[in-house]
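Numbering (the numbering used here), first residue to last: 17 to 373. Note that the Cβ used here is the ideal one computed from N, Cα and C, for glycine as well. This structure is a prediction, so every number in the text was calculated from the model and none was measured. Working notes for the structure below.
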DNA sequence: AACACGGGGAG
DNA sequence: CTCCCAGTGTT
């Protein structure tokens, strides 16, 4: 499908089915459009409407906004969230009054330089309110174009984003930029939605490559999960002649909070130090096979360190009592197997191995 | 619980 | 410049 056909169909669809009665679509000027675009960032139309109307009543012009206190502005933002948007709005209003004599700038560079306005929002303001031909590329448009071109990359990736900006520019019509900008955002918000898109009634489905391949749900590509960091830990397994194991209660907050676990140390040296100072000065330690435990946000490579039964230990040395922050005790194998204490999965695994050992 | 989001800010 | 996050709604 050629760009001409794309925008013609989209505009025709917008004429018939698009929304033309939103508050910011009346009495269009850069100030009103700007406020609406900021409020519409990460906030839905139905939520924005009452806030927009109240805001416009209180601050009808950029001069009114600039003259207000930040407190007054933020009071109008209460409930919208993302208060940085409100603070940036206020700062930008004062900049516009001071540097541009209250006239909203009408070049891309100048508009992007205002706090809280990036390339896409600038494009929306300039095309809708300033009669300038600029593309936009917000989340809705990324989704529409990602599907239309069956883009096999995450749209947040720099190369993919640059490519999408080119397509967005190419598809922007030589006239009616304002309607086109509204139209493509509307399509993304109401038809080409993240889930359950209404392809059956979509004006551009005939040219949509994802639709043609029956793979609409595959696009846009998802953000690749960043690989989790890998951390190292030693778990010190101390066993008495009767088979009981030394466990310590973990701090309430943090990983495995409140569970009972083998002492966790960062280095081999720390293991030796701990055993010698707290338990028995002449015990020898044996490294077991390292294994990986994976949390939601990182991998933990665990090296179990075992002190052999023959060399065992009686009680922790007197030094132990001085260490108030630790609560440890000897626990029988049976209690552990009966799950009398909450213990982390990797510790459970090690206890089972000990049984077979 | 994971994902999505536009711009700011850190590196 | 590139990458990651803050803060909130949606799925």
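Within the same chain, Cβ atoms closer than 6 Å to the Cβ of residue 25 are found at 219, 220, the five residues on either side in sequence being excluded.
In this structure, the beta-carbon distance from residue 170 to residue 239 falls below 8 Å. In its chain, beyond the 5 residues on either side, 40, 140, 141, 144, 145 have a beta carbon closer than 8 Å to the beta carbon of residue 49. Note on residue 75: 16 or more other CB atoms within 10 angstroms of its CB, so buried under the neighbour-count rule. Going by C-alpha positions, residue 202 is about 9 Å away from residue 157. In the displayed model, residue 148 falls within coil according to three-state DSSP, outside both helix and strand. The straight-line gap separating the alpha-carbon atoms of residue 173 and residue 125 is approximately 23 Å. With respect to the C-alpha of residue 191, the residue from 362, 27, 37 having the closest C-alpha is 27. Going by beta carbons, residue 110 and residue 129 fall outside the 8 Å limit.
DSSP, read as helix, strand or coil, puts residue 288 in helix. Counting of Cβ neighbours within 10 angstroms places residue 307 among the exposed residues, the total staying below 16. Secondary structure at residue 230: coil, using DSSP grouped into helix, strand and coil. Per DSSP, the beta bridge partners of residue 307 are 318. Under the three-state reduction of DSSP, residue 214 is assigned to coil, being neither helix nor strand. Taken in chain order, the complete alpha helix (DSSP H) segments of 4 residues or longer contained in the region 69 to 110 are 78 to 83, 86 to 93.
If you draw a straight line from the Cα of residue 176 to the Cα of residue 185, it comes to about 14 Å. Straight-line measurement puts the Cα of residue 368 at about 8 Å from the Cα of residue 353. For the 8 Å CB-CB criterion, residue 101 and residue 133 do not form a contact.
If you check the CB distance, residue 167 and residue 278 do not come in under 8 Å. Secondary structure note for residue 49: its alpha helix (DSSP H) is the uninterrupted segment 46 to 56. Taken through DSSP and simplified to helix, strand or coil, residue 139 comes out as helix. Residue pairing by DSSP places residue 247 opposite 316 in a beta bridge.
Contact between residue 193 and residue 149 holds, since their C-beta atoms are separated by about 5 Å, short of 8 Å. When rounded, the separation of the alpha-carbon atoms in residue 94 and residue 85 is 15 Å.
DSSP places residue 262 in the uninterrupted beta strand (DSSP E) bounded by 261 to 265. Residue 138 and residue 365 have their C-alpha atoms roughly 56 Å apart.
Look at residue 161 here: in three-state DSSP terms it is helix. Three or more beta-carbon pairs drawn from the region 63 to 73 and the region 29 to 43 are found closer than 8 Å, and the two stretches are therefore classed as touching. According to DSSP, residue pairing for residue 344 in a beta bridge involves 264. It is roughly 6 Å from the alpha-carbon of residue 300 to the alpha-carbon of residue 323. Going by beta carbons, residue 127 and residue 79 fall outside the 8 Å limit.
As computed with DSSP, residue 255 is found in a beta bridge with 261. DSSP lists 254, 301 as the bridge partner or partners of residue 323. A direct Cα-Cα distance of roughly 10 Å separates residue 319 from residue 283. A distance below 8 Å between beta-carbons, with the five flanking residues on each side excluded, links residue 371 to the following residues of its chain, in chain order: 349, 353.
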